[in-house]
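Since the structure comes first, as C-alpha cells, the remarks are kept for the end.
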Amino acid sequence: MDVGMILQRRRNNRKKKRRNSRKKKRRNSRKKKRRNSRKKKRRNSRKKKRRNSRKKKRRNSRKKKRRNSRKKKRRNSRKKKRRNSKKKKKKLMDSGGVILLLGLTNNYLYRETQ
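Encoded structure:
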C-alpha cells in the first residue's frame, strides 16, 4: 500500500466524520425541536385548562350573585308589600272603616256588606 492510498483513506475518513457529525447535529436538533414543541403543547394545554377553569369559576360566581340579588329583591318586595298592606289596614281601623277593611281582606264580603 503506497503513501497516496493512505492519505486518500485519511482524507475520506475525515470527510466521513464531518458528514456523520453534521447528520448527528441535524438529528439532535430535530429531536430537540420535537421535544420542545411537545413541551409547548403540554404547557399551552395546561394554561388553557387553567384559564377555562378560572373563567368557569368567574361565570358561576356571577350567576350566583345575580341569582342571590334576584332572590333578595323578591324577598324585599314581598316584605314591602306586607308592610304597606299592614299600614293601610291600620289606617282604616283608625278611621273606623271596618267594612272597608273587610272589603280589603275579602272582596266577596265587601260586596255582601254593600
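For the sequence shown, our numbering assigns the number -4 to the initial residue and increments by one for each residue that follows.
Note that beta-carbon positions come from the ideal geometry of N, C-alpha and C, so glycine has one too.
Asked, Found
"Flag S64 as yes if its beta-carbon sits less than 8 Å from any beta-carbon of chain C, otherwise no.", "In summary, chain C is missing from the structure at hand, where a single protein chain is found."
"Is M0 helix, strand or coil by DSSP?", "helix"
"To the nearest angstrom, how far is it from the Cα of M0 to the Cα of K26?", "38 Å"
"Within 10 angstroms of the Cβ of R106, are there 16 or more other Cβ atoms? Answer buried if so, exposed if not.", "With a pLDDT of 47 at R106, under the threshold of 50, the modelled position of that residue is not reliable, and the figure given next carries that caveat. Classification of R106: exposed, given that the 10 Å Cβ count is below 16."
"In angstroms with no decimal places, state the Cα-to-Cα distance between V(-2) and R5.", "11 Å"
"Give the straight-line distance between the Cα atoms of K11 and K35, rounded to the nearest whole angstrom.", "36 Å"
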